[in-house]
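J.: Have a look at the structure that comes next, please.
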Amino acid sequence: MGVSGYSLRPATAGDAGFLTDMLVAAVNWDPAREPIGRDRVLAERRTAHYVEGWPRPGDLGVIAVEAGGRPVGAAWLRLFGPDDPGYGFVSEGVPELSVGVLPSWRGGGVGRALLTEVVRRAAERGFTRICLSVERSNRARRLYATEGFTTVESGPDSDTMIMILPAR
Numbered sequence: 118m119g120v121s122g123y124s125l126r127p128a129t130a131g132d133a134g135f136l137t138d139m140l141v142a143a144v145n146w147d148p149a150r151e152p153i154g155r156d157r158v159l160a161e162r163r164t165a166h167y168v169e170g171w172p173r174p175g176d177l178g179v180i181a182v183e184a185g186g187r188p189v190g191a192a193w194l195r196l197f198g199p200d201d202p203g204y205g206f207v208s209e210g211v212p213e214l215s216v217g218v219l220p221s222w223r224g225g226g227v228g229r230a231l232l233t234e235v236v237r238r239a240a241e242r243g244f245t246r247i248c249l250s251v252e253r254s255n256r257a258r259r260l261y262a263t264e265g266f267t268t269v270e271s272g273p274d275s276d277t278m279i280m281i282l283p284a285r
């Protein structure tokens, strides 16, 4: 347990519901926007495939858990193919990162800790790159940039970013 009152553990099949909660939290990162409900997130293929059937072969995730045992954040990787790409898809074999943290836990280092740990585990598993998509106005974009992600493609409002993982 860290001094911040949380610890990290691997994500398991039993965390599928929480990963869905964190996907909804990630979609609704901007409190100024009308929230998108869980049912709508899961009804749309482009978002639902980040969590459906968790875990699939190749999936990797980390959960942040507060001292009392309640999960407060998650970071997970999932492989997609060109026939069913994620928003940040760059190529087969490059897993896409998703991160979600409960609003009350944002800004305290949980996201950075989750990111650091999922990157470490991905490198141990033999991945050489991780990709993601993030809206430019999302403050998490700064986190990704400071942790080594670089922009490889830009759309009207978002960027696709890649991190080259350290060799293990």
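For the sequence shown, counting from 1, position 8 maps to 125 in the numbering used here; every step adds exactly one. All C-beta atoms in this analysis are idealised placements derived from N, C-alpha and C, irrespective of residue type, glycine included.
(1) In this structure, does DSSP put Ala130 in helix, strand or coil?
(2) Do Pro127 and Gly178 count as a contact pair if the criterion is CB distance below 9 Å?
(3) Should Arg242 be labelled buried (16 or more other beta-carbon atoms within 10 Å of its own) or exposed?
(4) Using DSSP with H/G/I as helix, E/B as strand and the rest coil, what is Asp176?
(5) Quick one, are the C-beta atoms of Val211 and Leu231 less than 9 Å apart?
(6) Buried or exposed for Ser208, please, with buried defined as at least 16 other CB atoms from any protein chain shown within 10 angstroms of its CB.
(7) Indicate the three-state DSSP secondary structure (helix, strand or coil) for Ala191 in the structure shown.
T.: Straight from the coordinates:
(1) Within the sequence shown, numbered from 1, the residue matching residue 130 stands at position 13. Here Ala130 sits in helix by DSSP.
(2) Indexing the sequence shown from 1 puts residue 178 at position 61. Indexing the sequence shown from 1 puts residue 127 at position 10. A contact, by the Cβ cut-off of 9 Å.
(3) Taking the sequence shown and counting its residues from 1, one reaches residue 242 at position 125. When all chains shown are included, Arg242 counts as exposed.
(4) For the purposes of this step, residue 176 is identified with residue 59 of the sequence shown, where counting begins at 1. Of the three classes helix, strand and coil, the one that applies to Asp176 here is coil, per DSSP.
(5) For the purposes of this step, residue 211 is taken as the residue at position 94 of the sequence shown. For the purposes of this step, residue 231 is taken as the residue at position 114 of the sequence shown. No, Cβ-Cβ distance for Val211 and Leu231 is not below 9 Å.
(6) Reading the sequence shown from its first residue, position 91 is the one you call residue 208. By the neighbour-count rule (16 or more Cβ atoms within 10 Å), Ser208 is not buried but exposed.
(7) For this step, residue 191 is matched to residue 74 along the sequence shown. The answer is strand: DSSP assigns Ala191 an E or B state.
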